[in-house]
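Below: one structure, written as structure tokens.
If you want it as structure tokens, here you go:
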């Protein structure tokens, strides 16, 4: 057997540079985003701004880095459920790996299977929202907000499948003012002085 590899020792300059980089990081850092958004006090207002039409008043469950399938790669994401049973998968994606649709489908399939494993019937499946905050144009259409969804049918209007991609770096605002303020804070750390939620995040 070979000798165990010695751990690399970092110089004082390297440690100082790493600390400075961390102190200057914004919520566009996927680790910081994950740590903040697993708190209900941060996640609830965020979902309310992304999906105001749902009338979300309470987050009943939050699970950080929830692995629905053992074969999934390790990703830092947030699973949540609101008072109406709507389910959400929320994640910050920094690098464009050109696989958002595929990953969204994988998350959706895992969340559906999770409902079925809990005894939910097919006809009673709750709507699922897969939400990606990104630092790039997610689908290449130069849209800040992209939404893909499939309806259950004209007699069942629930939106069972919802993929939402939100580019926090978009140069032109195309979302509601409250959500735009959140996007600017995530990307740049800019604080809106009259927005209590942003002030709290700071």
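In our numbering, the protein residues as written are 483 to 684. Ideal placement from N, C-alpha and C gives every residue a C-beta, glycine not left out.
Query                                                                                                                    : Result
Proximity to residue 545 [Cα-Cα], best of 539, 605, 518 and 644                                                          : 518
Between the CA atoms of residue 654 and residue 547 - distance to the nearest angstrom                                   : 32 Å
Where the alpha helix (DSSP H) through residue 647 begins and ends                                                       : Taken as a continuous stretch (DSSP letters only), residue 647 belongs to no alpha helix (DSSP H), being part of the beta strand (DSSP E) at 641-649.
Nonlocal neighbours in the same chain, by C-beta distance under 7 Å from residue 684, ignoring five residues either side : 673
C-beta atoms of residue 646 and residue 663 nearer than 8 Å                                                              : no
Residue of 604, 657, 542 and 669 minimising C-alpha distance to residue 532                                              : 657
Sequence-distant residues of the same chain with beta carbon closer than 6 Å to residue 615, five excluded per side      : 574, 648 and 650
Classification of residue 539 by the beta-carbon crowding that lies within 10 angstroms, buried from 16 upward           : exposed
Residue closest to residue 669, alpha-carbon to alpha-carbon, out of 527, 623, 617 and 627                               : 617
Residue burial classification, residue 569 (beta-carbon count within 10 angstroms, cutoff 16)                            : buried
Per-residue DSSP class, three states only, for residue 564                                                               : strand
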